[in-house]
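Read the structure below first, then the notes.
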Amino acid sequence: DKSCTEPKLEGFVPLFLSWESFYTRNLYRRARDCWNRPISSCAGGRIDVMERVSPDYGWNFQLTGKKLNVMNFGSYNYLGFAENSGPCCDQVQAVTEKYGVGVCASRQEMGYMDIHRELDLLVAEFLGVEAAITVPMGFATNSMNMPALVSKGSLILSDELNHASLVLGSRLSGALIRTYKHNDMDDLEMKLRDAVCNGQPRTHRPWKKILIVVEGVYSMEGSIIRLPDVLRLKKKYKAYVYLDEAHSIGAMGPHGRGVVDYFGLDPRDIDIMMGTFTKSFGSAGGYIGGSKSLINHLRTQAHSFIYSTSMSPPVAQQVISVMKVIMGKDGTNQGMKHIRQLAWNTRYFRKRLQDRGYIIYGNKDSPVVPLLLYMPSKVAMFSRETLKRGMATVVVGFPATPLIETRARFCLSAAHTKEMLDEALKIIDDVGDLLRLRYSSLKPPDF
Ligand code: PMP
99 DKSCTEPKLE GFVPLFLSWE SFYTRNLYRR ARDCWNRPIS SCAGGRIDVM ERVSPDYGWN
159 FQLTGKKLNV MNFGSYNYLG FAENSGPCCD QVQAVTEKYG VGVCASRQEM GYMDIHRELD
219 LLVAEFLGVE AAITVPMGFA TNSMNMPALV SKGSLILSDE LNHASLVLGS RLSGALIRTY
279 KHNDMDDLEM KLRDAVCNGQ PRTHRPWKKI LIVVEGVYSM EGSIIRLPDV LRLKKKYKAY
339 VYLDEAHSIG AMGPHGRGVV DYFGLDPRDI DIMMGTFTKS FGSAGGYIGG SKSLINHLRT
399 QAHSFIYSTS MSPPVAQQVI SVMKVIMGKD GTNQGMKHIR QLAWNTRYFR KRLQDRGYII
459 YGNKDSPVVP LLLYMPSKVA MFSRETLKRG MATVVVGFPA TPLIETRARF CLSAAHTKEM
519 LDEALKIIDD VGDLLRLRYS SLKPPDF
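Heads up, the sequence shown is in full-length UniProt numbering, so the first residue is 99 and it goes up one at a time.
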């Protein structure tokens, strides 16, 4: 690259040098069209993907004006509420007419509307905790609230696969961070034991607070947190638990109330319940739920609450409407129907993929289904060939995954019908055979 060969001024570091020389740039040089695909429809069960061409495989591309209407297996629209029709949409439309879109002030100033209060109370009721606050952005819910909870002198024990927003929040807090192996309770216990006695018998605890940070469902692995074990360890070592339910709230549990509901646990045992509205609720923003004193503390300490404009009213209304449907407060059983449809779709799709000889990761009840492509070289072809056949998928590779664990990731939705799932399986078979993805085809030939 030109920027790399230019003579260097002493002490001067070009702004983009590290990125320019980052070797994954070349790893996916000819696969860039597989990411950032422009879409011109709502993120529903089917989407319109806009065709584009990039003659030099660069970042600059032109739109051809053609659209492909394909099945959507890439959005986190778990319960199918991202669709742009139905009673929830009508309510959102009415709220937009009444309040407009922008709030133009933070909560502490002129940005606290009745709709925000209604949302906070509803979220607390839905979670089964004393109180909750809501934040306009899921990412900021983690990154801006964690520093209000722990600081220098505290210890964070973080699952190695935790989301970037949790990692950023942990770093911003100033607490010492130690990671433990993904979902490995022995490793977590070893680190807890180490933290409490630091290798020697001690009469006092060396840390002000110990915070265990976990997610409900891991979005790259499809794994479910071993929450009962985490809670057992939290009690044994007198630590606190921060649970991010971005991918599990709405999508897991018999009542859609996340992994706590899935394991039949008491939500009050979790110190900090965090989640987002960007997936199952088809909206935007995040929440933190817990005890009244925790929420009152965050109201006065969290940057996301004090220095950021509060949630857009139509966005808040979408969450309120969907949450009421899930809770059955709309007087129908639509919510339960969506929850059951997602659970059925998940088991059906996972089982069929396994039966066909693919390696998939994750728990049988997780709606996130990673399918191994093994090699980064297969990324572009899998993505393009499935799209060509009518199915939009997400492909993920190094550095987001280990080099030989490149994968496609399907996000199941209640918006998928059985016919759509069968069609998707057929497409995966066609492309899977083209790329030799079934493990039966990986065996060395018999000589
Ligand atoms: N937490 C987790 C576990 C996530 O996966 C994400 C993003 N998908 C976030 C937080 C951030 O949420 P949002 O996209 O709503 O900002």
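Where is the CB? At the ideal position from N, CA and C, for every residue including glycine.
- According to the DSSP assignment, residue 388 belongs to the beta strand (DSSP E) that extends over 384-388.
- By the beta-carbon neighbour count (other beta carbons within 10 angstroms, threshold 16), residue 202 is exposed.
- In the displayed model, residue 138 falls within coil according to three-state DSSP, outside both helix and strand.
- Residue environment analysis places residue 354 among the buried positions, since at least 16 neighbouring C-beta atoms fall within 10 angstroms of its C-beta.
- For residue 317, same chain residues with a beta-carbon under 7 Å away, outside a window of 5 residues either side, are 345 and 466 in chain order.
- In terms of Cβ geometry, residue 239 and residue 372 form a close pair [threshold 8 Å].
- DSSP places residue 370 in the strand class (E or B) of the three-state scheme.
- Secondary-structure assignment with DSSP links residue 150 through a beta bridge to 161.
- Looking only at 241, 145, 213 and 351, the smallest Cα-Cα distance to residue 396 is reached by 241.
- Rounded to the nearest angstrom, the gap between the Cα atoms of residue 246 and residue 132 is 38 Å.
- Excluding residues up to 5 positions away in sequence, 525 lie with their Cβ nearer than 6 Å to the Cβ of residue 487 in the same chain.
- Here residue 342 carries a strand assignment [DSSP, helix/strand/coil].
- From the listed residues 509, 492 and 485, the smallest Cα separation to residue 147 is found for 485.
- The segment 245-259 makes no contact with the segment 451-469: fewer than 3 CB pairs, one atom from each, lie closer than 8 Å.
- Pairing residue 259 with residue 384, the inter-Cα distance amounts to about 20 Å.
- In this structure residue 398 is exposed. Its beta-carbon is surrounded by fewer than 16 other beta-carbon atoms within 10 angstroms.
- Contact check for residue 480 and residue 533: beta-carbon distance about 6 Å, within the 8 Å limit, so the pair qualifies.
- Between residue 176 and residue 378 a beta carbon distance of about 5 Å is seen, short of the 8 Å cut, so the two are scored as contacting.
- Segment contact: the segment 439-446 against the segment 188-202, fewer than three CB-CB distances shorter than 8 Å; contact not assigned.
- Residue 423: not part of any beta strand (DSSP E); member of the alpha helix (DSSP H) spanning 411-425, first to last residue.
- The Cβ neighbour count for residue 192, taken over all protein chains shown within 10 Å, is under 16; the residue is labelled exposed.
- About 5 Å separates the beta carbons of residue 162 and residue 149, which is inside the 8 Å limit, making them a contact pair.
- Within the same chain, and ignoring the five residues on either side of residue 356 in sequence, the residues whose Cβ sits closer than 6 Å to its Cβ are 314, 343, 346, 347 and 350.
- The C-beta distance from residue 419 to residue 190 rounds to 7 Å, short enough to fall under 8 Å.
- Residue 368 holds the alpha-carbon nearest to the alpha-carbon of residue 333 among 320, 359 and 368.
- CA-to-CA, the gap between residue 330 and residue 323 works out to about 13 Å.
- Classified as exposed, residue 138 has fewer than 16 neighbouring CB atoms from the shown chains inside 10 Å of its CB.
- A Cβ-Cβ contact shorter than 8 Å links residue 400 with residue 243.
- In the DSSP assignment, residue 204 forms a beta bridge with 407.
- Of the residues assessed, residue 113 falls on the exposed side of the cut-off, its CB having fewer than 16 other CB atoms within 10 angstroms.
- For residue 280, same chain residues with a beta-carbon under 8 Å away, outside a window of 5 residues either side, are 257, 258, 259, 316, 319 and 321 in chain order.
- Counting other Cβ atoms within 10 Å of its Cβ, residue 186 reaches 16 or more and is therefore classed as buried.
- Taking 7 Å as the cut-off, one finds at least one heavy atom of the ligand PMP near enough to the beta carbon of residue 237.
- Going by beta carbons, residue 393 and residue 229 fall inside the 8 Å limit.
- Here residue 170 is bridged, per DSSP, to 490.
- Cβ neighbours of residue 129 within its own chain (closer than 6 Å, five residues either side excluded): 477 and 478.
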